[in-house]
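*Asks:*
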Amino acid sequence: MYAPGWSPVENTITWWMDFYTTTGSTSGLGVFNLETKTARIFRDLYPEIVPDGQIPAPMWSPDGQWLSFYGRKASSDINYIWILNPDGDEYFTVGEIENYVHFCDRAWSPDSQWLAFSCSYPEKSGIWLVQNGTWKLYKVNLPDNAAVWEWIEPGP
């Protein structure tokens, strides 16, 4: 288990996990509710390893209703930004990235209504916004080398 991520409501934690069997191995995302002592395991999801060898934790929306992470399904060579509700009832993928050596930084808006991400993949470079609910993707009109670090609300 690695790369834990605490929910903002502090009763749920996520972990990336590896599973080894006699027929091979797989990875998955575990969502553990510490209050109810229940777990959901989403097998066959692989996190993307960033260039320094680290695996980032899934990022919780501020309201604790959504997780976002950068990764792929086991059977695919394409990485996406995944948006998943912790119950696993709904998930969405955006930001198709076809190369493993690139990474997408993410930031949720304080009201959890937007997810911003920036990617280093040349054809997909720039800052993108995804709207909660419609999950529609918008490109932000900024230079392609701009990057997302964190969401900052406009000042007075």
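Each residue of the sequence shown is one higher than the one before, counting from 1 in the numbering used here.
Quick reminder that beta carbons are idealized off the backbone N, C-alpha and C, glycines included.
Nothing here was measured: the structure is a model prediction, and the numbers come from that model.
Going by beta-carbon coordinates alone, are L115 and S68 separated by less than 8 Å?
*Replies:* L115 is a Cβ neighbour of S68, given a cutoff of 8 Å.
*Asks:* V130: buried (16+ other C-beta within 10 angstroms of its C-beta) or exposed?
*Replies:* buried
*Asks:* Going by C-alpha distance, which of G133, I127, D87, Q113 is nearest I41?
*Replies:* D87
*Asks:* Using a Cβ distance threshold of 8 Å, determine whether the region 16–31 contacts the region 89–97, with at least three qualifying pairs required.
*Replies:* By the Cβ rule, the region 16–31 does not count as touching the region 89–97, because fewer than three pairs are nearer than 8 Å.
*Asks:* Using the C-alpha atoms, what's the distance from Q65 back to D111?
*Replies:* 11 Å
*Asks:* Measuring alpha carbon to alpha carbon, tell me which of S61, Y46, A146, T22 ends up nearest W6.
*Replies:* S61
*Asks:* Between which two residues does the beta strand (DSSP E) containing K139 stretch?
*Replies:* 137–139
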